[in-house]
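The structure appears right after this line, and notes come after that.
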Amino acid sequence: MSDLLKSYRFREERETDWRKLDLILTRAENNGVKALSDEDMMALPRLYRQAVSSLSVARSISLDQNVIAYLEGLCTRAYFFVYGTRASIGERIMDFLRRDWPACVSAALGPTLLATLFLFGGGALAFFLCVQDMDWFWTFHGNNFWDGRNPDATVEYLRSTIYHDPMSTEDGQLTSFASYLFNNNAQIALFAFALGFAFGIPTAWLLIYNGVHLGSMYAVFWSKGLGYEFTGWLMIHGTTELFAIILAGAAGFLIGGAVAFPGRMTRLASARHAGQKAATIAMGCVIMLIVAAILEGFGRQMINSDVTRYTIAIGMMFLWLAYFYLPRRDEAKP
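Pasting the structure below:
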């Protein structure tokens with residue numbers, strides 16, 4: 001009871017200044033610096049220092065975590081307004097690509113490995129089940145999955161779906177199939193991130209679901225002796241597209257872990273803190289999906305060489321791994 005009274009008095013004595021600082025910052029963020037009066041500009045440094053002082057006191061006496069979280073957000077906003085540089089949109093995009101996105105991805109290595117396990121674990125399970133008994137394919141997909149791309153298809157037909165013939169009348173069907181794959185994977189990535197708040201359980205299920213679809217389809221081509229050819233066709237864009245799905249799942253697990261294990265923060269504050277990093281990763285996944293779509297269209301339309309497909313696939317994988325996980329100069333400095 002005494003701690004609650006202490007927190008109430010602490011907030012009552014200082015909340016007027018906090019709200020005034022919040023109001024000034026909101027006005028500046030919404031309408032620009034020109035919307036601030038001379039009085040506001042003069043008061044801003046003083047209010048910022050008072051807020052920082054309040055945050056320091058609140059942490060030292062272990063006040064209500066909601067008060068501390070509010071002050072942390074307020075001081076962060078004020079700091080960037082008072083000391084931060086005014087970057088253009090182009091500069092912010094470059095900062096995102098050069099620093100923010102890869103930093104968030106590399107820091108989420110654990111969730112990334114977990115997402116990889118769920119995706120490829122589901123794929124491996126479906127693959128081995130279908131190789132042993134192709135009736136599992138119909139269990140996973142029903143009787144109308146992807147038209148003729150099923151265990152009853154001939155080798156010639158399956159081969160025709162992974163090599164493009166400029167004179168073929170099947171081009172429209174291949175385009176529809178490719179569009180289906182991209183739309184399906186984009187939706188999986190979106191929902192894997194967005195549903196992470198439910199302790200990451202829907203994220204895990206979606207990754208396994210997508211892995212099952214991939215593994216069972218792979219089993220069909222493998223059983224017809226087309227595993228090598230199908231892998232090249234899939235991986236020319238799959239190393240980028242599947243990586244994007246994995247990272248979206250990692251973003252979902254970040255939020256789910258923050259909700260399940262909030263530590264000393266409230267669940268909402270913990271989710272909000274983790275959500276900033278997760279959203280950065282998810283925004284980058286959109287870029288990866290666009291790159292994958294370009295690679296898929298280019299690879300399907302113009303490349304029929306297995307060696308070229310594998311070269312592009314492996315090259316893209318190493319490119320993404322280097323981009324995300326190799327240390328940068330500013331990070332290497334002490």
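First residue of the sequence shown: 1, per full-length UniProt numbering; consecutive thereafter. We treat Cβ as the ideally placed atom computed from N, Cα and C, and that holds for glycine. This structure is a prediction, so every number in the text was calculated from the model and none was measured.
Residue i in three-state terms, based on DSSP
{"i": "Thr-169", "result": "Bear in mind that the predicted position of Thr-169 carries a pLDDT of just 47, short of 50, making it unreliable; the figure below should be weighed with that in mind. Note: Thr-169 maps to coil in three-state DSSP."}
{"i": "Leu-326", "result": "coil"}
{"i": "Pro-102", "result": "helix"}
{"i": "Pro-151", "result": "coil"}
{"i": "Tyr-310", "result": "helix"}
{"i": "His-164", "result": "coil"}
{"i": "Lys-224", "result": "coil"}
{"i": "Phe-81", "result": "helix"}
{"i": "Pro-262", "result": "coil"}
{"i": "Phe-199", "result": "coil"}
{"i": "Leu-190", "result": "helix"}
{"i": "Ala-108", "result": "coil"}
{"i": "Ser-305", "result": "coil"}
{"i": "Ser-270", "result": "helix"}
{"i": "Gly-232", "result": "helix"}
{"i": "Ile-294", "result": "helix"}
{"i": "Asp-17", "result": "helix"}
{"i": "Leu-158", "result": "helix"}
{"i": "Gly-32", "result": "coil"}
{"i": "Ile-61", "result": "coil"}
{"i": "Asp-135", "result": "helix"}
{"i": "Gly-142", "result": "coil"}
{"i": "Ser-216", "result": "helix"}
{"i": "Leu-37", "result": "According to the sequence shown, residue 37 is Ser rather than Leu. Residue state, collapsed to three classes: coil."}
Other residues of its chain near residue i: CB distance less than 6 Å, five sequence neighbours each side excluded
{"i": "Leu-125", "result": "none"}
{"i": "Gly-122", "result": "Ile-208, Gly-211 and Val-212"}
{"i": "Ser-270", "result": "Ala-258 and Pro-262"}
{"i": "Ile-312", "result": "Ile-236"}
{"i": "Leu-206", "result": "Ile-188, Phe-191 and Ala-192"}
{"i": "Phe-118", "result": "Ala-204, Leu-207 and Ile-208"}
{"i": "Ser-216", "result": "Ala-126, Cys-130, Phe-137 and Phe-140"}
{"i": "Ala-251", "result": "Phe-193, Ala-278, Ile-281 and Ala-282"}
{"i": "Met-134", "result": "Pro-151"}
{"i": "Arg-328", "result": "none"}
{"i": "Gly-249", "result": "Ala-115, Ala-192, Thr-203 and Leu-207"}
Buried or exposed by the 16-neighbour rule on C-beta atoms within 10 Å, applied to residue i
{"i": "Met-288", "result": "buried"}
{"i": "Arg-309", "result": "buried"}
{"i": "Glu-296", "result": "buried"}
{"i": "Pro-45", "result": "exposed"}
{"i": "Ser-37", "result": "exposed"}
{"i": "Ile-314", "result": "exposed"}
{"i": "Gly-196", "result": "buried"}
{"i": "Leu-114", "result": "buried"}
{"i": "Thr-169", "result": "Because the pLDDT of Thr-169 is 47, which lies under 50, any placement of that residue in the model is unreliable, and the question is left without a value."}
{"i": "Leu-247", "result": "buried"}
{"i": "Ala-108", "result": "buried"}
{"i": "residue 376", "result": "For residue 376 there is no data in the structure shown, the boundaries of the chain being 1 and 334."}
{"i": "Gly-148", "result": "exposed"}
{"i": "Thr-231", "result": "buried"}
{"i": "Ala-274", "result": "buried"}
{"i": "Ala-322", "result": "exposed"}
{"i": "Ala-35", "result": "exposed"}
{"i": "Thr-26", "result": "exposed"}
Residue of the options minimising C-alpha distance to residue i
{"i": "Phe-128", "options": "Ala-107, Trp-101, Ser-223 and Ala-51", "result": "Ser-223"}
{"i": "Leu-158", "options": "Phe-221, Leu-119, Asp-64 and Asp-40", "result": "Phe-221"}
{"i": "Leu-326", "options": "Arg-98, Phe-193 and Ala-219", "result": "Arg-98"}
{"i": "Tyr-70", "options": "Ala-322, Thr-266 and Thr-311", "result": "Thr-266"}
{"i": "Leu-226", "options": "Ala-282, Thr-161 and Met-283", "result": "Thr-161"}
{"i": "Phe-318", "options": "Phe-243, Ile-303, His-273 and Thr-280", "result": "Phe-243"}
{"i": "Phe-253", "options": "Glu-39, Lys-277, Val-286 and Met-235", "result": "Lys-277"}
{"i": "Gly-284", "options": "Met-302, Trp-320 and Phe-81", "result": "Trp-320"}
{"i": "Ile-61", "options": "Ala-274, Arg-11 and Ile-245", "result": "Arg-11"}
{"i": "Thr-112", "options": "His-273, Ile-255 and Arg-9", "result": "Ile-255"}
{"i": "Ser-56", "options": "Lys-34, Glu-72 and Met-42", "result": "Glu-72"}
{"i": "Met-42", "options": "Asp-100, Ser-54, Tyr-218 and Ile-24", "result": "Ile-24"}
{"i": "Met-316", "options": "Arg-328, Tyr-163, Ile-294 and Met-302", "result": "Ile-294"}
{"i": "Ile-245", "options": "Arg-264, Glu-91, Ala-219 and Leu-214", "result": "Leu-214"}
{"i": "Val-286", "options": "Asn-183, Ala-108 and Arg-328", "result": "Asn-183"}
{"i": "Val-33", "options": "Tyr-163, Ile-89, Ala-108 and Val-82", "result": "Val-82"}
Own chain partners of residue i with C-beta closer than 7 Å, once the 5 adjacent residues on each side are dropped
{"i": "Glu-241", "result": "Asn-185, Leu-289 and Ala-292"}
{"i": "Leu-74", "result": "Trp-18, Leu-21, Asp-22 and Ala-51"}
{"i": "Arg-59", "result": "Ile-68"}
{"i": "Ala-28", "result": "Ala-35, Leu-36 and Phe-81"}
Cutoff 8 Å; reference residue i; Cβ partners in own chain excluding five residues on either side
{"i": "Ala-260", "result": "Phe-199 and Gly-200"}
{"i": "Tyr-79", "result": "Tyr-48"}
{"i": "Phe-324", "result": "Pro-102, Val-105 and Ser-106"}
{"i": "Gly-299", "result": "Trp-233, Ile-236, His-237, Arg-309 and Ile-312"}
{"i": "Tyr-228", "result": "Asp-306"}
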